[in-house]
Amino acid sequence: MKVKGSLIKLIVFAAVTLFATSILALTIANIQFGSKATYTAVVSDATGVIPGQDVRIAGVRVGEVSDVRVAHDAGSDGANAEIDFSVLKSSVLTQGTEVTVKYRNLVGQRYLALTQGAGAPTPLADGATIPLSRTHPALDLTVLFNGFKPLFAALSPSDVNELSGLLIQTLQGEGGDVNTLLAKTASLTSTIADRDAVIGRTIDNLNAVLGTVDAHDQQLLSLIDQLQRFTSGLAADRETIGRSLSGINTLSAETADLLVSTRPLIKDDVAQLRTLTTTLNKPSNVKEFESFITGAPGRITTLTRTATYGSWFNFYLCKFDTRSPILPGVSPTYDVSSARCQS
1 MKVKGSLIKL
11 IVFAAVTLFA
21 TSILALTIAN
31 IQFGSKATYT
41 AVVSDATGVI
51 PGQDVRIAGV
61 RVGEVSDVRV
71 AHDAGSDGAN
81 AEIDFSVLKS
91 SVLTQGTEVT
101 VKYRNLVGQR
111 YLALTQGAGA
121 PTPLADGATI
131 PLSRTHPALD
141 LTVLFNGFKP
151 LFAALSPSDV
161 NELSGLLIQT
171 LQGEGGDVNT
181 LLAKTASLTS
191 TIADRDAVIG
201 RTIDNLNAVL
211 GTVDAHDQQL
221 LSLIDQLQRF
231 TSGLAADRET
241 IGRSLSGINT
251 LSAETADLLV
261 STRPLIKDDV
271 AQLRTLTTTL
281 NKPSNVKEFE
291 SFITGAPGRI
301 TTLTRTATYG
311 SWFNFYLCKF
321 DTRSPILPGV
331 SPTYDVSSAR
341 CQS
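Just so we're aligned, residue 1 is where the sequence shown starts under full-length UniProt numbering, counting upward by one.
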């Protein structure tokens, strides 16, 4: 009898545990039992809405989205979307029901919120369509959160998540009230106020930078004006620059080919250059080389003047004499006293 009593207690405990676990699993999975009615909502923006997302009334899940597609009716021109969703029949929708696409979280997930509008309380038939006039797009939080950017920059990620959640819940009529939101914002702004010294130094540094820029405003304007003229000139010569780049590319390729073909000769010249410098560095050759370098400019100038006619040298005879007679008693001489022979 004692063993039988323990077995009964074990069976009862297992049954209760299994039942509680099942209830918990159904709650976590949002599984709903009961017959459902299907409806279609026409919306102007269904971005982020996908099958399986929640349909809620006063924040309570009463159904889910089953399909999203582009509306093909004659009046929409493909600019609207149709959302099919199911709702438990125990949650009766009426002719005044309004559908709003709302943000579920900051990740961008959406859900459909059903509210009772000003229309007639007549129940909607299963399969009815809620027109565009009674549907609303998601609340655009972009502008709102942009206004809080300076605040978010000084907060930790957990504070940002908490404040963002309060904003969404307050603006969508769920969760906390405005007082809670203001209290949280006040505590966060107090944290920022504690950093007033850092903010003050930043402002002082910005004032110094702006003061320097203001003191050199004419130079800055001149720089901007010159930069504008420079860019305008580049824009006007863009075709010429393009052709030049093409020519530079061709020149680079031909230079590379030239270097490839002349590389062995250059290598030999570099090797012989060492031999030349060694020879010139000998003491017996240094004096001769210095004398050549010293007199080279004058000789080169004279040689250049003589060779100005091209491929031949032009000489002018200024003086001629003989040291021995050509004929007996005859030693001819020739001397010109013109200006060109006086230099």
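Built from N, CA and C at the ideal position, the CB exists for glycine as well.
Identity of the residues DSSP links to residue i by a beta bridge
i      : result
Ile199 : The partner list for Ile199 (beta bridge, DSSP) is empty, contrary to what the question assumes.
Tyr111 : Lys102
Arg61  : Arg56
Asp321 : Thr333
Ala81  : Val43, Val70
Val87  : Ala37, Gly63
Thr97  : Gln116
His136 : Thr100
Ile130 : Ala41
Host alpha helix (DSSP H) of residue i (start-end)
i      : result
Ile241 : 238 to 280
Pro51  : Note, Pro51: premise wrong, no alpha helix (DSSP H); not H, not E.
Leu124 : Segment: none, Leu124 is in no alpha helix (DSSP H) and carries neither H nor E.
Ala296 : 283 to 306
Own chain partners of residue i with C-beta closer than 8 angstroms, once the 5 adjacent residues on each side are dropped
i      : result
Ala339 : none
Phe315 : Thr306
Val143 : Reliability fails at Val143, whose pLDDT of 48 lies under 50, so the model's placement of it is uncertain and the value that follows must be treated cautiously. Contacts found: none.
Val68  : Ala46, Val49, Ile50, Pro51, Ala81, Glu82, Ile83, Asp84
Ala235 : none
Thr255 : none
Gly108 : Gly48
Ile8   : none
Residues of its chain near residue i, where Cβ-Cβ distance is below 7 angstroms and the 5 sequence neighbours each way are ignored
i      : result
Ser91  : Ile57, Val62
Phe320 : Thr333, Tyr334
Val87  : Lys36, Ala37, Tyr39, Val55, Val62, Gly63, Leu93
Proximal residues to residue i (C-beta, below 6 angstroms), its chain only, five neighbours per side dropped
i      : result
Val336 : Cys318
Gly119 : Gln95, Gly96
Gly247 : none
Glu98  : Thr115, Gly117, Arg134
Arg323 : none
Pro121 : Thr94
Any C-beta of chain B under 8 angstroms from that of residue i
i      : result
Gly242 : Protein chain content of the structure displayed is limited to a single chain, and chain B is not contained in it.
Would the region 80 to 100 count as touching the region 123 to 136 if we require 3 or more Cβ pairs under 8 angstroms? yes
Between the region 55 to 67 and the region 4 to 21, do at least 3 Cβ pairs fall closer than 8 angstroms? no
Three or more C-beta pairs under 8 angstroms: does that hold for the region 58 to 67 against the region 15 to 26? no
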